[in-house]
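J.: Structure in structure tokens, see below.
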Amino acid sequence: MRGIWRWRHNPLRRTTDLVEAWAALAALLLIAVAAPLAGVLAGSAAHDSLSRTARQQHASRHRVTATVLKDPAVSAQLPATTGRTAERGNRQRVLAAWTAPDGTPRQAHTWTNLRVPVPGRHFTLWTDTRGRPAGRPLDTGDLTLQAGLAGVGAALLTTAIAEGARRMTLRHLMRLRFERLDRAWERAGPDWGRAGTGS
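Right, here's the structure in full:
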């Protein structure tokens with residue numbers, strides 16, 4: 001705002017100076033107003049979408065108690081039935097048995113977070129409606145974290161777009177200024193140093 005006021009009645013003001021000041025003000029307003037608004041809207045939309053997903057997951061997944069049948073030394077050489085590789089971390093693969101939601105007994109290789117998964121130990125396992133191992137459904141903490149990250153990402157993206165547009169405008173204005181300077185130099189340059197030119 002100060003830049004716009006400074007150029008308002010200045011006799012040295014060029015049109016590009018005024019455009020640059022207005023571009024800076026527009027970018028500032030976008031960063032101060034539009035970026036937080038975009039973050040709130042994106043976070044809210046992500047929260048609603050993730051809430052629907054979490055409800056579907058909670059409706060289609062069941063928590064059961066599984067029993068270790070074979071220890072990791074025996075089970076490590078066998079393929080896992082679950083595809084949640086990213087969650088493995090400190091988990092160990094074991095052969096386990098459990099009862100499916102429909103009451104039928106199941107047995108498969110899966111992952112457990114037991115520190116010492118010896119045969120006979122029990123652990124919690126999430127399954128789908130058919131009794132197959134499934135990932136843990138989204139909880140409130142996961143939902144809030146992901147929605148917050150979406151909101152922050154949208155706000156940062158809006159800020160980057162506003163600043164990028166301002167910089168592109170500034171670059172264009174600088175190019176215009178240099179072109180005008182070159183044209184002025186071409187008009188004035190050939191007469192420099194000549195006698196009787198009045199310069």
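Mapped onto our numbering, the consecutive letters of the sequence shown carry residue numbers 1 to 199. Glycine residues also receive a C-beta, built at the ideal position from the N, C-alpha and C atoms. Remember, it's a predicted structure, so these values are computed and weren't measured experimentally.
(1) Tell me where the alpha helix (DSSP H) around R177 begins and ends.
(2) Decide if A32 is buried, meaning its Cβ has at least 16 other Cβ atoms within 10 Å, or exposed.
(3) Which residue spans inside the segment 102 to 128 form an unbroken beta strand (DSSP E) run of at least 3?
(4) Can the beta-carbon of T67 be found closer than 8 Å to that of H122?
(5) With a Cβ-Cβ cutoff of 8 Å, do A96 and L69 count as a contact?
(6) Expressed to the nearest angstrom, what Euclidean distance is found between the alpha-carbon atoms of T112 and R91?
(7) Taking 8 Å as the threshold, find out whether the segment 154 to 172 comes into contact with the segment 130 to 141 through three or more Cβ pairs.
(8) Can you check DSSP and say which residues form a bridge with V64?
(9) Between A205 and D48, what straight-line distance do the alpha-carbon atoms span, to the nearest angstrom?
(10) Apart from the five residues just before and just after V40, which ones in its own chain have a Cβ nearer than 8 Å to its Cβ?
(11) P138: which of A59, R166, T104 and A155 sits nearest, CA to CA?
(12) Classify T140: buried if its beta carbon has 16 or more other beta carbons within 10 angstroms, exposed otherwise.
(13) Excluding sequence positions up to five away, which residues of its chain have a Cβ less than 7 Å from the Cβ of A38?
(14) What is the C-beta distance between R166 and A54, in whole angstroms, given that I count them as a contact (C-beta under 8 Å)?
(15) Using CA atoms only, rank isn't needed, just tell me which of A42, W126, L145 and T99 is closest to R61.
T.: Let me lay it out:
(1) Here the question's residue 177 lines up with position 177 in the sequence shown. Taken as a continuous stretch (DSSP letters only), the alpha helix (DSSP H) holding R177 covers T140 to A188.
(2) As a position in the sequence shown, residue 32 is number 32, starting the count at 1. The residue is exposed, with fewer than 16 neighbouring Cβ atoms inside 10 Å.
(3) 105 to 112 and 122 to 127
(4) Position 67 of the sequence shown holds residue 67. Position 122 of the sequence shown holds residue 122. Yes. Within cutoff.
(5) Counting from 1 along the sequence shown, the entry for residue 96 is found at position 96. Counting from 1 along the sequence shown, the entry for residue 69 is found at position 69. Yes, Cβ-Cβ distance for A96 and L69 is below 8 Å.
(6) Here residue 112 is taken as the residue at index 112 of the sequence shown, counted from 1. Here residue 91 is taken as the residue at index 91 of the sequence shown, counted from 1. Rounded to the nearest angstrom, the two C-alpha atoms are 5 Å apart.
(7) no
(8) The residue given as residue 64 occupies position 64 in the sequence shown. Note: V64 sits in a beta bridge opposite L125.
(9) No statement about residue 205 is possible, as the shown extent of the chain runs from 1 to 199 and does not include it.
(10) For the purposes of this step, residue 40 is identified with residue 40 of the sequence shown, where counting begins at 1. Same-chain partners within the cutoff: G151.
(11) Stepping through the sequence shown from its first residue, residue 138 is reached at position 138. The sequence as given places Leu at residue 138; Pro does not occur at that position. Comparing Cα-Cα distances from L138 to each of A59, R166, T104 and A155, the minimum goes to A59.
(12) The residue you call residue 140 lines up with position 140 of the sequence shown. Its Cβ having fewer than 16 others within 10 Å, T140 is exposed.
(13) For this step, residue 38 is matched to residue 38 along the sequence shown. These residues qualify, in order along the chain: A154, A155 and T158.
(14) Sequence index remark: in the sequence shown, residue 166 carries index 166 (1-based). Sequence index remark: in the sequence shown, residue 54 carries index 54 (1-based). Contact doesn't hold; Cβ gap of about 39 Å is too wide.
(15) The count along the sequence shown starts at 1 and reaches residue 61 at position 61. Selected option, being the one with the closest Cα: W126.
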